[in-house]
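For the numbering used here, count along the sequence shown from 1 and bump the result up by 1. Structure first, then comments.
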Amino acid sequence: MAANFKIKYKISLIITGDEEADAINGTAKIVEWMKKKNILPDMCIVAEPTSQLEIGDNIRNGRRGSLSGSLIVKGKQGHVAYPHLAQNPTSALIKMLSVVSSKKLDTGNSYFGPTTAEVTGLSTSSNVTNVIPLSATAMFNIRFNTEHSKETLIAQLEQHFIKVASEYNVQFEIEWKSNADPFVTQEGELTELLSQSIKKLTRRVPELSTIGGTSDARFITKLCPVAEFGLVGKTMHQIDENVSIKDIDVLTNIYEDILHRFDAHNEY
Numbered sequence: 002m003a004a005n006f007k008i009k010y011k012i013s014l015i016i017t018g019d020e021e022a023d024a025i026n027g028t029a030k031i032v033e034w035m036k037k038k039n040i041l042p043d044m045c046i047v048a049e050p051t052s053q054l055e056i057g058d059n060i061r062n063g064r065r066g067s068l069s070g071s072l073i074v075k076g077k078q079g080h081v082a083y084p085h086l087a088q089n090p091t092s093a094l095i096k097m098l099s100v101v102s103s104k105k106l107d108t109g110n111s112y113f114g115p116t117t118a119e120v121t122g123l124s125t126s127s128n129v130t131n132v133i134p135l136s137a138t139a140m141f142n143i144r145f146n147t148e149h150s151k152e153t154l155i156a157q158l159e160q161h162f163i164k165v166a167s168e169y170n171v172q173f174e175i176e177w178k179s180n181a182d183p184f185v186t187q188e189g190e191l192t193e194l195l196s197q198s199i200k201k202l203t204r205r206v207p208e209l210s211t212i213g214g215t216s217d218a219r220f221i222t223k224l225c226p227v228a229e230f231g232l233v234g235k236t237m238h239q240i241d242e243n244v245s246i247k248d249i250d251v252l253t254n255i256y257e258d259i260l261h262r263f264d265a266h267n268e269y
């Protein structure tokens, strides 16, 4: 590309070696530095493995938010033969989780499917079958769309937890953790440039979607319009993770074509 393509604008790469888990020194820190330096790109493409079955079949133009909860319910320990002398935290916990595991929190919107919630862990302080435990613990995660914020979800759930705790005469503690808010990039110049290049090189019309987990695009969206497009992600995080060499060549050509189109459009 360098031999036959002279660009009229600046191209920057954000490369981080701290992308998984807490990512303390990852993209978020780079974005804050860019904002302080007033380095504001016109657009950004994140090279996430967004393709589902074939290279070019999917573009992510948004992502759901993530909210995790660790819920501890404390009752009164006792013998199962004398339940009137105890307060079973497990019964209360099950009812508290009903709003998480079964109730529909919304029906989605034009960009997102319904918010989903999953219980990811359950335990009690008892390891025998004839003792009502002192405490019961659950972990859960909610992937939410733009119909909610983490603040509105927390308020809604805590109101439910308080009601159930009062009904069962138990106490509870809840610890919340959220590292991602939902976002969406409206259809426009960025998604159109991507779609045109993909169609030219693959003869496929990519679908715009917001499915999947969180990504570093949630930080980039604070700077500029962002979309994600990359290789097929069938084996990501698996043993012997692999991609097609042919797909890498196609992806390279798509990225180069996007640069040509951006230069020709010069709309930003």
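Every residue gets a Cβ at the ideal spot worked out from N, C-alpha and C, and that includes glycine. If you're wondering where the values come from, they're calculated on a predicted model, not measured in any experiment.
- In this chain, the beta strand (DSSP E) harbouring Leu72 covers Gly66 to Lys75.
- Annotation for Ala156: the continuous alpha helix (DSSP H) segment containing it runs Lys151 to Tyr169.
- At a Cβ-Cβ threshold of 9 Å, Arg61 and Leu209 count as neighbours.
- It is roughly 15 Å from the alpha-carbon of Asn26 to the alpha-carbon of Ser216.
- Beyond the five residues adjoining it in sequence on each side, Leu106 comes within less than 6 Å, by CB distance, of Thr116 in the same chain, given in chain order.
- When DSSP states are grouped into helix, strand and coil, Thr222 belongs to the coil group.
- For Ala118, the enclosing beta strand (DSSP E) has its first and last residue at Thr117 to Thr125.
- If you draw a straight line from the Cα of Val74 to the Cα of Thr108, it is about 30 Å long.
- 9 Å or more divides the Cβ of Ile143 from the Cβ of Ser198.
- The Cβ atoms of Ser126 and Ala118 do not sit closer than 9 Å to each other.
- With a 10 Å radius around the Cβ and a threshold of 16 neighbouring Cβ atoms, Glu229 comes out buried.
- Leu232 places its beta carbon 9 Å or farther from that of Ile212.
- Between the C-alpha atoms of Thr121 and Glu20 there is a straight-line separation of about 23 Å.
- At a Cβ-Cβ threshold of 9 Å, Val100 and Leu195 do not count as neighbours.
- As computed with DSSP, Phe141 is found in a beta bridge with Gly70 and Val120.
- Beta bridge pairing from DSSP links Lys178 with Ser69.
- When the five nearest sequence neighbours on each side are left out, the beta carbons in the same chain lying within less than 6 Å of the beta carbon of Pro226 are those of Met44, Thr186 and Leu191, in order along the chain.
- Around the beta carbon of Val47, a 10 Å sphere encloses 16 or more other beta carbons of the protein chains shown; the residue is thus reported as buried.
- Nearest Cα to Glu49 within the set Arg204, Asp264 and Ala218: Ala218.
- Per the C-alpha coordinates, the member of Phe162, Asn131 and Pro84 positioned closest to Ser71 is Phe162.
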